[in-house]
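Protein chains in written order, with the numbering used here: chain F, 1 to 476; chain V, 1001 to 1503. Scroll down for the structure; my scribbles are underneath it.
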Amino acid sequence: MFQVPNMLFALPEMLMLGMACVILLVVAFTGSRRTEWVYGLSQLTLLATAVVVVWFIGDGGLAFADTYIKDSLSDLLKLFICVVNMLVLLYSQAYLKARQLLQGEFFVLAIFSTLGMLIMVSANHMLTLYLGLELMSLCLYAMVAMHRDSGVATEAAMKYFILGSIASGMLLYGMSIIYGVTGSLSMNEIALAVAAGSGDETILSFGIVFLIIGVGFKFGAVPFHMWLPDVYHGAPTAMTLFIAAAPKIAAFAMIIRLLAEGLIDLQHHWQDMLVMLAVLSMIVGNVVAIAQSNLKRMLAYSTISHVGFLLMGVLSGTQEGFAAALFYTLIYALMTLGAFGMILLLSRQGFEAENIDDFKGLSERQPWFALMMLILMFSMAGIPPLAGFYAKLTVIKAVIDVDLLLVALVAVVTSVIGAFYYLRVIKVMYFDKPVVDHKLEAGSVMQIMLSANALMVLGLGIVPGILMKICSIVFA
Amino acid sequence: MFAELPLLSVLIWLPILGGIVTILLGDQRKVLKPFALGIAAVTMLLSFGLYTGFDSTTHQMQFVEKLPWIETFSIFYHLGVDGFSMPLIILTTISTLLVVVAAWEVIQDRPGQYLAAFLIMEGLMIAVFSALDAVLFYVFFEAMLIPLFLVIGIWGGPNRVYATLKFFLYTFFGSVFLLVALLYLRHVSDSFAILDFHNAALSLDEQFWLLLAFLIAFAVKVPMWPVHTWLPDAHVEAPTGGSVILAAITLKIGGYGFLRFALPIAPDASLALDWFIITLSLIAVVYIGFVALAQTDLKKLIAYSSIAHMGFVTLGLFIVFDIFANAATGSGAVLAVEGAMVQMISHGFISAAMFLAVGVLYDRMHTREISAYGGVVNTMPKFAAFAVFFAMANAGLPGTSGFVGEFMVILAAFQANFWFAFLAATTLILGAAYTLWMVKRVFFGDVANQEVQALCDINRREFWMLASLAVIVLLIGVWPDPLLDVMHASVEHLLTQVSQSKL
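Given below as structure tokens:
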């Protein structure tokens, strides 16, 4: 019997799709003359979507023949994706303008990519998930390649595209195996089939291997991390910021939908695989970051190590662990936003503040923003009373509660190693004399928002309870 | 009205907020120094309220405040003090006031941020001593590293970057294991309250690993041999204020950690491993004493003497097991733990005084090499009187506070094992040797060179700064009873906890 699907569940996506088409038309008719209009429209789209998400918060369920889900997890993640991308666009504007990259296409790609993320977040079906993932990824490839004249950017785009495609292929292969065994692509039906023990577990575990390879690629977990430093380094910083922040939130949704909802009963299979990924990511990420002199590359390796921490929450397989990983993801997005935002803030016409040495003596030239960067770096290192500490605390607690004490020990020891390179940034800012002038070209809105961003990291460190509670309610 | 006041919260947040205001005052040098001084003075006066309002008949936590903080994990903003933490808090507030006074004319580069760092440090340290929730404790324990890292890195000597990174990474490495231990204890006891940890039932294996984690965390802080190497570097490079706070208080947090965590939570493992910690303590006392003898840098010498003195603290805490094994009565054990506590407080004041004294010399001569001095008594007689007095206290002269703690621990050690006492007592010789030799080379003899000839004696500010410390050191030395009284009930309680096996 035909049922009218509950369109309201997908209202944010529909709104965004409609607006993306409008923006596309505006771009087509105004060319590069009216980029500020396009910028405003894009921000408006994100804001409107966020408002719609908040408006319909609460009630949830399945729609579109069970391929689509709206629950408190999707609400929370969508809200964060929209807010994070609003900040990304805000931080990027001046930077892109100075490099003649502020073209309408950027905004069109950004909005479409955001749409892909939203679809991933709401996917209850492997095909929906895949569709969202590809929509997001293809836009990201194009964004990296937008700086056509730059050799590094083109190389990064190529690498990103090829490795990303391989990852997608792996993911599809894994999905097809799961489909072969359980006879379904829908998450709940897969979960039911697995719980009933109807499929061969060996074959299912093969499927899981490929799924995890795919997810590992998208996250940038070791040993599938090779693309990440090159892309972060090669892409224009604004694009790096875009890739680094919101897509990780979407990737988190992907891993939760696949493993925690679809394949939770096979936890004993995927737990060990994730332990390997997490431990390797933390070690490689933190150790290799020490050797980097380029801040973007350093942050890329730091991302790898954060992914390792985040996976610790997921691999614990408990509701509390998923909540911890969610908390970690959100805090990570906030910190990354701030750190790359700081690079964007200090860059100006013809000068990229992307080497660690470019921050020399920042505390004398720009004491306020040096303090903000100090907060962000200490937070990434996991020093209380900053938000990054509670993120680490919750995931470490999650693994200790499932008796994976060794993983917890690896985590804390590597975080000491990690502290070294974050401290080096602080050392450069506070203990060295300035060599370059740190004039700011960015507008006051960006300065205020960036400060708010960093202060939020401090604020969430003093009162982390509320966000933690929200995260645990999502998985309750 | 005074009873209603959440005194501990005020003590924690007043200096922290004061510090933030001091940063915001920025370059208004005229205002910010009196302001910082005022905050430090008010905090100190308020902290005396802890002493006057303290009930020394009970080991229960007093001035308790408990508010929910992170409800998801039932983490509380839970504060309270007992006989161990209360004296340490007063030590903290007094030291901070002295640091502010010591910085008055000396710090020219960004004085606001310097004073702010110490005010914020003060709040954090008081919070460490009064936190009764494990996460709260850990948060403040770690947060303390940030201001100290900046203080050494910004206002330190030529090799400051190396020293401050070493300091940070060393202590951070130690404390992450503490985090794992605390989370494990939470897993076992289903609570984050430190007092609930004390009652957690733990097998010997669990206790062993927990004790190891505590040992790594707190041994680095104390610091015990062989993880002490960060301390001389940090001290030499730190500005005077940094050295004072480092020696007077952060080292005590290590000793406090043993009292609050290691002994009551893992008594059986402590019993099993006491020989190990006693050995390390005796090595600290004897070997580091010799190392101190060989130093040519004033601050390094005091740094090494700090390590040797802190050896008495860990020795006093862990010989109680041998005393229990030997003697029927527990009086020797009480002596040992109280001796360790007195030693902590007294070392806090004496080392602060010694570093301030070195600071006075350094401000005038800009060198800490012992060989650059000689005959200082001729040009700075008032200062020399103070310095010699503090040196004597450092060597454990009877009548000063330095004598009380060491004597109590040595006395108790005789009830444990003659050789422990014998080795510990060598400090009376070694300590006298390195301090008196230093005094001879720096202060006595003929005037060594032109610079010494040109020295002018201490001004009023420096005089009162040193005089107040001298009074405290004498007071504790001749009349330690008020100090012993407040901690007595807590020591008795600790010893009952320690003597009861958890197995």
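All C-beta atoms in this analysis are idealised placements derived from N, C-alpha and C, irrespective of residue type, glycine included. Owing to the predicted nature of the structure, the values given are computational and were not obtained by experimental measurement.
Buried or exposed (CB count within 10 angstroms, at least 16 for buried), residue i
i, result
"C21/F", "exposed"
"P1480/V", "buried"
"A452/F", "exposed"
"M1001/V", "In this prediction, M1001/V has a pLDDT of 41, which is less than 50 and means its spatial position is unreliable; what the coordinates show is noted afterwards. Exposed is the call here."
"E320/F", "buried"
"I466/F", "exposed"
"M126/F", "buried"
"F1048/V", "exposed"
"S1371/V", "exposed"
"D1268/V", "buried"
"L1503/V", "exposed"
"Y328/F", "buried"
C-beta contact flag for residue i and residue j at 8 Å
i, j, result
"L115/F", "E201/F", "no"
"D1457/V", "P1381/V", "yes"
"T1164/V", "G1153/V", "yes"
"L1483/V", "V1342/V", "yes"
"F80/F", "L386/F", "no"
"G479/F", "N286/F", "A question about residue 479/F goes unanswered here, because the residues of chain F that appear run from 1 up to 476."
"F210/F", "I177/F", "yes"
"H233/F", "K159/F", "no"
"M468/F", "I1277/V", "no"
"V1404/V", "S1490/V", "no"
"L77/F", "V27/F", "no"
"A1391/V", "V1439/V", "yes"
"A442/F", "L374/F", "no"
"V395/F", "F340/F", "no"
"A50/F", "L15/F", "no"
"F322/F", "V428/F", "no"
"G1257/V", "F1218/V", "yes"
"H147/F", "L101/F", "yes"
"G338/F", "A167/F", "no"
Run of the alpha helix (DSSP H) containing residue i, from where it starts to where it stops
i, result
"G341/F", "Q319 to L346"
"V1498/V", "D1481 to S1499"
"L100/F", "Looking at the sequence provided, one finds Gln at residue 100/F rather than Leu. First-last for Q100/F: undefined, no H or E at that position."
"W1104/V", "Premise fails: W1104/V is in no alpha helix (DSSP H) and is neither H nor E."
"E1237/V", "W1230 to E1237"
"H1198/V", "I1194 to H1198"
"L1202/V", "Where L1202/V is concerned, there is no enclosing alpha helix (DSSP H), given that its DSSP letter is neither H nor E."
"F1414/V", "S1401 to A1416"
"I57/F", "Note, I57/F: premise wrong, no alpha helix (DSSP H); not H, not E."
"G18/F", "L11 to T30"
"E364/F", "L362 to R365"
"F1463/V", "R1460 to V1478"
Residue range of the unbroken beta strand (DSSP E) whose run includes residue i
i, result
"L1183/V", "It is not in any beta strand (DSSP E) - L1183/V instead sits in the alpha helix (DSSP H) that spans R1160 to S1189."
"V1064/V", "Q1062 to I1070"
"K70/F", "Y68 to K70"
"L62/F", "G61 to A63"
Contact set for residue i: own chain, Cβ-Cβ below 7 Å, skip 5 residues either direction
i, result
"V1320/V", "A1333, A1336, V1337, L1495 and V1498"
"A1384/V", "V1376, V1377 and F1443"
"A1432/V", "A1395"
"Y95/F", "T237, A238, L344 and S347"
Bridge partners - residue i, DSSP secondary structure assignment
i, result
"F1076/V", "P1068/V"
"D1363/V", "DSSP lists no partner for D1363/V."
"D1297/V", "E1369/V"
"V1081/V", "Q1062/V"
"F1324/V", "Beta-bridge pairing links F1324/V to no other residue."
"N355/F", "N294/F"
"D230/F", "None, per the DSSP bridge assignment."
"D432/F", "D432/F pairs with nothing; no bridge assigned."
"H125/F", "S186/F"
Contacting residues, own chain, Cβ-Cβ under 6 Å from residue i (five flanking each side not counted)
i, result
"L423/F", "none"
"A1266/V", "Q1207, L1210 and L1211"
Close-in-space but distant-in-sequence residues of the same chain around residue i (CB under 8 Å, 5 per side omitted)
i, result
"L1014/V", "I1039, V1042, T1043, L1046 and G1123"
Check: residue i C-beta below 7 Å from any heavy atom of the ligand SAM
i, result
"L455/F", "Ligands in the displayed structure: none, and consequently the ligand SAM is not present."
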